[in-house]
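Per my numbering, the sequence shown runs over residues 779 to 899. Just so it is clear, CB atoms sit at the ideal spot from N, CA and C, and this is done for glycine as well. Model, not experiment: these values are computed from the prediction. Report on the following structure.
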Amino acid sequence: MSKKILVVDDASLIRHVAAKALKEAGFEAVLASNGQEGLNVLEQHEIDFIFSDINMPIMSGMEMVRRVRKNDKYRFIPIVMLTTETKMELQNEAKELGVKAWLVKPFNKDKFLLVLSKILG
779 MSKKILVVDD ASLIRHVAAK ALKEAGFEAV LASNGQEGLN VLEQHEIDFI
829 FSDINMPIMS GMEMVRRVRK NDKYRFIPIV MLTTETKMEL QNEAKELGVK
879 AWLVKPFNKD KFLLVLSKIL G
C-alpha cells in the first residue's frame, strides 16, 4: 500500500509538479491550496507525510503546522516545509514545532524525493 503524501501550496504549478514526482515514485498525492484546506484533507484522509509552503492565503503553512501539532491524531505526521523563505527565524520556529526539514524553492524533484525517503525510512 502506497504512502499518502499531502502537498499544501497555493501555487498550482508546485502542486502539479510535486504530485507528478510523487506518483512516479509510487506515492499517492493529496493536494491542498492553503493551510485550512490542508487541515480539511487531514480530516478526510490518513496522511503519512506533509509538504507545506509557508506563505499562503486563508491560512499560512506555519499556522497549519501549529494546529497539526496540537491535535493528538496528527501530531506525529512528519512535516517538511517547501518554501521560498530563507529566514533563519522562520526555520528555527518551524524546527521548534517539529518540522523535519526545510526545502527552498525552486522545486528540485530529486532532493524532494530524497528528503521524503530519508524521513519515511
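Beta-bridge pairing of Ala810 - partner residues as DSSP gives them: Val786
By how many angstroms is the C-alpha of Lys896 removed from the C-alpha of Leu875? 20 Å
Tell me whether the beta-carbon of Leu784 lies closer than 8 Å to the beta-carbon of Ala803. no
With a threshold of 7 Å on Cβ separation, who are the neighbours of Met842 within its own chain once the five nearest residues in sequence on each side are excluded? Val786, Gly813, Gly816, Leu817 and Ser830
Is it right to say Phe760 is buried, meaning 16 or more other beta carbons lie within 10 angstroms of its own, or is it exposed? Nothing in the structure corresponds to residue 760, since the chain is present only between 779 and 899.
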